[in-house]
Each structure stands twice: as structure tokens, then as C-alpha cells.
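Read top to bottom, the protein sequences are chains V and E.
By my numbering, the letter at position 20 of the first sequence is numbered 20, and the numbering carries on one by one without gaps.
By my numbering, the letter at position 46 of the second sequence is numbered 250, and the numbering carries on one by one without gaps.
Right, one structure below, let's go through it.
Protein chains: 2
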Amino acid sequence: MPLTGEAPPLDETARAILDAASRRFLHYGYGKTTMSEIAGDCNMSTGNLYRYFPSKLDIAEAFVRRLRAEQIRLLREAVGKPGLSVQEKLRGFFKLKLSLVYERFHQRPKAYELSQEILRERPSFADEWEQAESRVLCEVLDEGQKSGELALCNPQRTARILQDIFFRFASSAVYYEGDYDVLEGELDDVMDLVWDGFQHRKHG
Amino acid sequence: MPLTGEAPPLDETARAILDAASRRFLHYGYGKTTMSEIAGDCNMSTGNLYRYFPSKLDIAEAFVRRLRAEQIRLLREAVGKPGLSVQEKLRGFFKLKLSLVYERFHQRPKAYELSQEILRERPSFADEWEQAESRVLCEVLDEGQKSGELALCNPQRTARILQDIFFRFASSAVYYEGDYDVLEGELDDVMDLVWDGFQHRKHG
DNA sequence: GGACTGAATGCTTCCTAAAGCGTTCAACGC
DNA sequence: GCGTTGAACGCTTTAGGAAGCATTCAGTCC
Numbered sequence: 001m002p003l004t005g006e007a008p009p010l011d012e013t014a015r016a017i018l019d020a021a022s023r024r025f026l027h028y029g030y031g032k033t034t035m036s037e038i039a040g041d042c043n044m045s046t047g048n049l050y051r052y053f054p055s056k057l058d059i060a061e062a063f064v065r066r067l068r069a070e071q072i073r074l075l076r077e078a079v080g081k082p083g084l085s086v087q088e089k090l091r092g093f094f095k096l097k098l099s100l101v102y103e104r105f106h107q108r109p110k111a112y113e114l115s116q117e118i119l120r121e122r123p124s125f126a127d128e129w130e131q132a133e134s135r136v137l138c139e140v141l142d143e144g145q146k147s148g149e150l151a152l153c154n155p156q157r158t159a160r161i162l163q164d165i166f167f168r169f170a171s172s173a174v175y176y177e178g179d180y181d182v183l184e185g186e187l188d189d190v191m192d193l194v195w196d197g198f199q200h201r202k203h204g
Numbered sequence: 205m206p207l208t209g210e211a212p213p214l215d216e217t218a219r220a221i222l223d224a225a226s227r228r229f230l231h232y233g234y235g236k237t238t239m240s241e242i243a244g245d246c247n248m249s250t251g252n253l254y255r256y257f258p259s260k261l262d263i264a265e266a267f268v269r270r271l272r273a274e275q276i277r278l279l280r281e282a283v284g285k286p287g288l289s290v291q292e293k294l295r296g297f298f299k300l301k302l303s304l305v306y307e308r309f310h311q312r313p314k315a316y317e318l319s320q321e322i323l324r325e326r327p328s329f330a331d332e333w334e335q336a337e338s339r340v341l342c343e344v345l346d347e348g349q350k351s352g353e354l355a356l357c358n359p360q361r362t363a364r365i366l367q368d369i370f371f372r373f374a375s376s377a378v379y380y381e382g383d384y385d386v387l388e389g390e391l392d393d394v395m396d397l398v399w400d401g402f403q404h405r406k407h408g
């Protein structure tokens with residue numbers, strides 16, 4: 001499963017380093033985890049870590065890429081379920097995204113913090129992530145074109161517009177706001193209106 | 205022009221304090237402005253300020269309310285122009301909002317920082333602000349209902365959904381991202397799709 | 001010669017005392 | 001008696017030295 005932004009394959013030692021670091025990042029957070037601790041967990045010197053990862057931040061990035069790859073997998077799974085209409089697929093995509101984002105903030109604060117740290121230090125990561133999601137969306141939209149459920153002039157542009165439209169449900173502001181059910185209800189209403197727009201375009 | 209969230213009328217001294225504070229907030233920022241400086245600008249003691257405002261933050265809030273009231277006025281003005289269709293009014297509303305937010309971040313950094321500070325200390329301010337905008341939107345939507353351009357079952361809910369949909373164009377993330385023209389282009393595409401949805405609902 | 005070490009380096013973070021500043025209110029002046 | 005002051009209070013921020021930690025690389029080992 002190729003995924004742009006996926007790290008190159010790791011050898012056994014690099015993977016051991018990443019596993020050890022991941023455990024500490026999730027438990028103690030990025031800032032409280034030291035390179036000497038990670039090295040100790042791997043029974044090697046601190047200096048040796050740099051033969052595998054150029055910096056501490058690169059270890060963190062590799063970890064976040066893992067998390068993100070898992071999310072993409074889940075999103076693909078959700079839209080890949082047999083028997084769903086295109087509308088159901090799109091709705092499921094954005095609802096799952098909401099629940100993943102919401103859960104990470106509330107249940108896995110260290111993972112959330114780490115994501116924020118990566119976004120701060122490497123802003124291009126956000127674009128990359130959006131591109132990866134956009135590809136999943138395009139597949140769904142292309143499918144809708146083929147099945148006759150949609151009539152779009154530019155599926156890529158449409159994917160971008162959908163990401164704009166549902167941005168609120170994946171933004172950090174949402175974590176402090178209203179509760180999950182309210183958010184989900186609003187997301188449903190937004191999806192209804194979007195679908196009505198698609199219907200209008202289909203029937204001219 | 206009543207506006208919920210508007211501060212009670214200020215007497216002459218309170219207004220002088222607010223004016224002096226405003227100048228300093230805009231020039232030096234909130235954090236660098238001290239109460240003793242403000243008091244000095246008003247030829248009074250520091251302690252006397254507290255007869256007019258309960259705290260430094262309340263002065264800041266009064267200032268931000270001024271800024272927001274001005275924004276609401278501009279938004280009302282934009283949608284109140286004669287001869288515009290409802291679609292043009294809605295489009296104009298969100299485009300103006302984008303330009304105001306964008307300009308404040310790029311041209312008036314201290315005003316932006318102050319807004320952020322108020323939102324941090326007084327989160328309910330965000331709801332209040334959204335309610336104020338929602339009212340303007342509702343007026344436009346009600347007008348659309350009356351003129352037959354729209355067929356909505358709940359204008360208030362629709363206003364809320366529109367705010368969700370256009371959230372990205374008013375969120376802080378937008379300041380670091382792409383340039384203004386790209387944003388405006390996307391906003392137009394979103395508005396087009398939203399309008400198609402409204403059309404679909406009108407014609408069944 | 002390649003894999004690895006661990007001390008050195010220098011940047012970042014932490015800690016703590018001092019300074020700054022928001023707020024209060026007893027005292028003052030009219 | 002009311003409006004105002006400005007010093008006191010205590011919380012917050014700052015500054016500077018110490019400690020911590022990411023990173024480098026000369027030296028060592030196999």
C-alpha cells in the first residue's frame with residue numbers, strides 16, 4: 001500500500017529505536033523523553049541513535065507517520081465497506097475523521113501533543129496529510145462518477161472543497177467546544193446540504 | 205443599533221480610559237501595556253482605574269467589543285447594499301469576513317493578539333461573537349425566504365450550518381496557509397456548492 | 001574499516017531570587 | 001461624604017546562572 005509521505009523501510013535496529021521512542025512519547029510526551037533514555041531502552045549509546053535517525057524530531061516524525069498511516073487505513077476501510085452508497089461513504093469518511101480526531105485529543109493527549117509539535121516544526125506535514133486524505137476522497141468521488149451518483153467536473157477540486165467544508169470538524173478549536181453529539185449532528189446537516197448540491201448538479 | 209454583548213454606555217472618564225488603553229494596546233500590545241501607564245495617560249492614579257473597569261482584562265474586553273461591533277457594522281453594510289441577490293449577499297458576507305480576519309492578522313498584529321488573549325481568558329466570547337454574526341445571517345436568510353429565493357425549514361439552524369461550512373476561512377489556521385486569492389477562490393467554490401444545495405431544496 | 005562509544009560542545013530548559021505589575025484599601029483632601 | 005491617591009500586598013514575569021540534553025566526532029574495539 002504506497003502512501004506518499006511514508007517513511008523509507010526501517011531496518012531492525014531503526015524499528016527497535018522507533019518502538020522504544022514511541023512507547024516513551026505516548027507515556028511521557030515528546031518533551032520529557034530524552035535521547036539517552038531511548039538509547040538506554042535499546043541498549044546502545046546515545047550517539048548511535050544518530051546513525052538511524054538524523055534527529056530526535058525525525059524519530060517523532062516517523063512515529064506520527066505511523067499514526068497517520070493507521071488513520072488512512074481506517075478511513076479507507078470505512079469507505080471500502082461493500083454495499084454503501086457514495087453519500088454514505090462520504091458521510092462515513094468525515095464522521096470517522098471526527099471521531100478519530102476527537103478521541104485522540106481526549107484519550108491520547110500525548111499523541112495529540114506530538115502531532116502539534118510536528119505541525120509546528122514541520123508545517124508542510126499538514127499539506128501532506130491533507131493530500132493523503134484527498135486521495136481517498138477522490139477515489140470515492142471517482143466511484144460516484146462511474147456509478148452515475150455524481151456529476152462533477154473536477155473530482156480533485158471537489159475533494160479540496162469538501163475538505164474546506166468539513167474543516168471545522170477536524171480543527172483544534174472543536175476540542176474545546178460543544179460535545180460530540182452536537183458536532184455529529186451538525187456534520188450530518190452539512191453533509192445533507194452538500195449532497196443536495198451534488199444532486200442539483202447532477203440533474204442540471 | 206442594539207448589539208448583544210455590547211458594553212454598557214461609558215461615561216466620559218471610562219471612555220477616556222478606554223481610548224488611552226486602546227492606543228497602547230494597538231501599539232505595544234496587551235502584555236506590554238501596564239495599568240500605571242494607562243493611568244498616567246489619563247492623569248489619574250492607577251487605583252482609580254478600578255472604579256471604572258474591574259480589571260485590566262475588562263478594559264481589553266471593552267476594546268475588543270469595539271472592534272467586533274465595527275466588524276458587525278461592516279458586515280451589515282455589505283449585506284444591506286441595495287440590488288444584491290441573496291446569493292450575492294451571502295457570498296459578500298463570507299468574503300468580507302475573510303478579508304477582515306486576514307487583514308487583521310497581517311496588518312494589525314496587536315489587535316489580533318488581543319483578540320486571542322480575550323478568547324483564551326474568556327472562551328464564551330467566541331460563542332457570543334458567533335451569535336452576533338448568526339443574527340446578520342438570519343436576516344439575509346429570512347429575506348431569501350420572503351423573496352422566494354430560498355426554501356429553508358429553519359433559518360437559524362441554516363445560519364449555524366453556514367458558519368460551520370465557512371469556518372476554515374475565518375480560522376487561525378488560514379493565516380499561515382495559502383495566499384488570499386487561493387482562499388477566495390475556494391470560498392467561491394464552496395459558496396457555489398452551497399447555493400446549488402439551496403436550489404435543490406427549493407425545487408424539491 | 002565499519003560499528004559503536006562517551007565525552008565535549010553549545011544550545012535549550014530549568015530554577016530561583018529579584019523585579020515588575022495588577023489589585024486593594026486605608027488614608028487623605030476637598 | 002465622596003472622589004482620589006499611592007503604598008502595601010501578593011501573584012506573575014524576568015533575568016541570569018546552573019543544569020539538562022540534543023548533537024557531534026575523535027577515539028576505541030572487533
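Think of the CB as a built atom: it goes at the ideal place given N, C-alpha and C, for glycine as much as any other residue.
These numbers come from a predicted model, not from an experiment.
Determine, for I365 (chain E), whether the minimum Cβ-Cβ distance to residues of chain V falls below 7 Å.
Counted from its first residue, the second sequence places residue 365 (chain E) at position 161. Yes, its Cβ sits closer than 7 Å to a Cβ of chain V.
Straight-line Cα distance separating V64 (chain V) from R15 (chain V):
Locating residue 15 (chain V) in the first sequence gives position 15, counting from the first residue. Locating residue 64 (chain V) in the first sequence gives position 64, counting from the first residue. Distance between the alpha carbons of R15 (chain V) and V64 (chain V) is about 14 Å.
Taking the alpha carbon of Y30 (chain V) as the point to measure from, which residue in V:E117, V:Q156, V:P123 has its own alpha carbon closest?
Taking the first residue of the first sequence as position 1, residue 30 (chain V) is located at position 30. Looking at the Cα atoms, V:E117 is the closest of the given residues.
Could you give the C-beta distance for L341 (chain E) and F297 (chain E), rounded to a whole number, given that I count them as a contact under 8 Å?
As a first step, residue 341 (chain E) must be located in the second sequence, where it is residue number 137. As a first step, residue 297 (chain E) must be located in the second sequence, where it is residue number 93. Going by Cβ atoms, the distance from L341 (chain E) to F297 (chain E) rounds to 7 Å, so yes, they are a contact pair.
Identify whether M239 (chain E) lies in helix, strand or coil by the three-state DSSP scheme.
As a working note, residue 239 (chain E) is residue 35 in the second sequence. Residue state, collapsed to three classes: helix.
Below 6 Å CB to CB, which residues in the same chain sit around A225 (chain E) once its five sequence neighbours on both sides are set aside?
Taking the second sequence and counting its residues from 1, one reaches residue 225 (chain E) at position 21. I242, I263, listed in sequence order.
So G40 (chain V) and V86 (chain V) are supposed to be a Cβ contact under 8 Å. How far apart are they, rounded?
For this step, residue 40 (chain V) is matched to residue 40 along the first sequence. For this step, residue 86 (chain V) is matched to residue 86 along the first sequence. Between V86 (chain V) and G40 (chain V) the Cβ distance is about 52 Å, and since that is not below 8 Å, they are no contact.
Name the chain V residues whose beta carbon is nearer than 7 Å to that of Q398 (chain E)?
Stepping through the second sequence from its first residue, residue 398 (chain E) is reached at position 194. This sequence places Val at residue 398 (chain E); Gln is not what is there. The contacting residues are L193, G197.
For chain V, check one thing: does any of its Cβ atoms lie closer than 7 Å to the Cβ of L207 (chain E)?
In the second sequence, residue 207 (chain E) corresponds to position 3, counting from 1. Low per-residue confidence applies at L207 (chain E): pLDDT is 40, beneath 50, and the placement is therefore not dependable enough to give any value.
Note the first and the last residue of the continuous alpha helix (DSSP H) segment covering F329 (chain E).
Position 125 of the second sequence, counted from the first residue, corresponds to residue 329 (chain E). Unbroken alpha helix (DSSP H) run through F329 (chain E): 328 to 351.
Rounded separation between G251 (chain E) and R227 (chain E) - CA only
Within the second sequence, residue 251 (chain E) is the residue found at index 47, counting from 1. Within the second sequence, residue 227 (chain E) is the residue found at index 23, counting from 1. In a straight line, the C-alpha of G251 (chain E) is about 20 Å away from that of R227 (chain E).
Should L397 (chain E) go down as buried or exposed, given a rule of 16 or more other Cβ atoms within 10 Å for buried?
Here residue 397 (chain E) refers to the residue found at position 193 of the second sequence. Classification of L397 (chain E): buried, given that the 10 Å Cβ count is 16 or more.
Quick check for students: name the residue ranges of the alpha helix (DSSP H) that lie wholly in the segment 178 to 204 of chain V, counting only runs of 4 or more.
180 to 202
Could you tell me whether the Cβ atoms of D393 (chain E) and G197 (chain V) are closer together than 7 Å?
Numbered from 1 along the second sequence, position 189 holds the residue referred to as residue 393 (chain E). Numbered from 1 along the first sequence, position 197 holds the residue referred to as residue 197 (chain V). Not a contact, by the Cβ cut-off of 7 Å.
May I ask you to report which of helix, strand or coil DSSP gives T158 (chain V)?
As a first step, residue 158 (chain V) is located in the first sequence; it is residue number 158 there, counting from the start. DSSP places T158 (chain V) in helix when its eight states are reduced to three.
Cβ-based neighbour list, F25 (chain V), same chain, cut-off 7 Å, excluding 5 preceding and 5 following:
Taking the first residue of the first sequence as position 1, residue 25 (chain V) is located at position 25. Once the five neighbours on either side are set aside, the close Cβ partners of F25 (chain V) are T33, A60, F63, K110, L114.
Helix, strand or coil: which one does DSSP assign to D19 (chain V)?
Here residue 19 (chain V) corresponds to residue number 19 of the first sequence, with the count starting at 1. Reduced to three states, the DSSP call for D19 (chain V) is helix.
Report all residues from its chain with a CB closer than 8 Å to the CB of S36 (chain V); omit the five preceding and five following residues, and keep chain order.
Within the first sequence, residue 36 (chain V) is the residue found at index 36, counting from 1. Cβ within range, chain order: T46.
Checking 7 Å against the spacing of the C-beta atoms, do L96 (chain V) and A69 (chain V) come in under that value?
Locating residue 96 (chain V) in the first sequence gives position 96, where the first residue counts as 1. Locating residue 69 (chain V) in the first sequence gives position 69, where the first residue counts as 1. No; because the gap between Cβ atoms is not below 7 Å, this pair is not in contact.
Classify D262 (chain E) as helix, strand or coil using the three-state DSSP reduction.
By 1-based counting over the second sequence, the position of residue 262 (chain E) is 58. Three-state result, D262 (chain E): helix.
The segment 118 to 128 of chain V touching the segment 146 to 163 of chain V, judged by at least three CB pairs closer than 8 Å:
no
Tell me the residue span of the alpha helix (DSSP H) that contains P82 (chain V).
In the first sequence, the residue the question calls residue 82 (chain V) occupies position 82. First-last for P82 (chain V): undefined, no H or E at that position.
Among V:E149, V:L98, V:Q131, which residue has its Cα nearest to the Cα of G185 (chain V)?
Looking up residue 185 (chain V) in the first sequence gives position 185. The candidate whose alpha carbon is nearest that of G185 (chain V) is V:L98.
For chain E, find out if any of its Cβ atoms is closer than 7 Å to the Cβ of D142 (chain V); answer yes or no.
Position 142 of the first sequence holds residue 142 (chain V). D142 (chain V) does not count as touching chain E.
Proximal residues of chain E, C-beta to C-beta of V182 (chain V) below 9 Å
Taking the first sequence and counting its residues from 1, one reaches residue 182 (chain V) at position 182. In chain order: nothing, as chain E lies at least about 10 Å away.
Counting only beta-carbon atoms, is V86 (chain V) nearer than 7 Å to chain E?
Position 86 of the first sequence, counting from 1, holds the residue named residue 86 (chain V). By this cut-off, V86 (chain V) is not an interface position.
Would you give the residue range spanned by the alpha helix (DSSP H) that R324 (chain E) belongs to?
Reading the second sequence from its first residue, position 120 is the one you call residue 324 (chain E). Its alpha helix (DSSP H) spans residues 313 to 325.
Please list, in chain order, the residues of the segment 14 to 31 of chain V that have any C-beta partner in chain E closer than 8 Å.
none
Going along chain V in order, which residues have a C-beta closer than 7 Å to the C-beta of V394 (chain E)?
As a working note, residue 394 (chain E) is residue 190 in the second sequence. Simply I161, D164, I165.
Please return the same chain residues whose Cβ sits closer than 6 Å to the Cβ of L222 (chain E), not counting the five positions on each side in sequence.
In the second sequence, residue 222 (chain E) corresponds to position 18, counting from 1. Contacts found: A266.
Proximal residues to M191 (chain V) (C-beta, below 8 Å), its chain only, five neighbours per side dropped:
Taking the first sequence and counting its residues from 1, the one referred to as residue 191 (chain V) is at position 191. Only Q87, L90, R91, F94 meet the Cβ criterion.
Interface residues of chain V facing H310 (chain E) [CB-CB closer than 9 Å]
Here residue 310 (chain E) refers to the residue found at position 106 when the second sequence is read from its first residue. Result: empty, since nearest Cβ-Cβ is about 17 Å, beyond 9 Å.
Would Y384 (chain E) pass as a contact of Y316 (chain E) if the rule is Cβ separation under 7 Å?
Along the second sequence, one-based indexing puts residue 384 (chain E) at 180. Along the second sequence, one-based indexing puts residue 316 (chain E) at 112. No.
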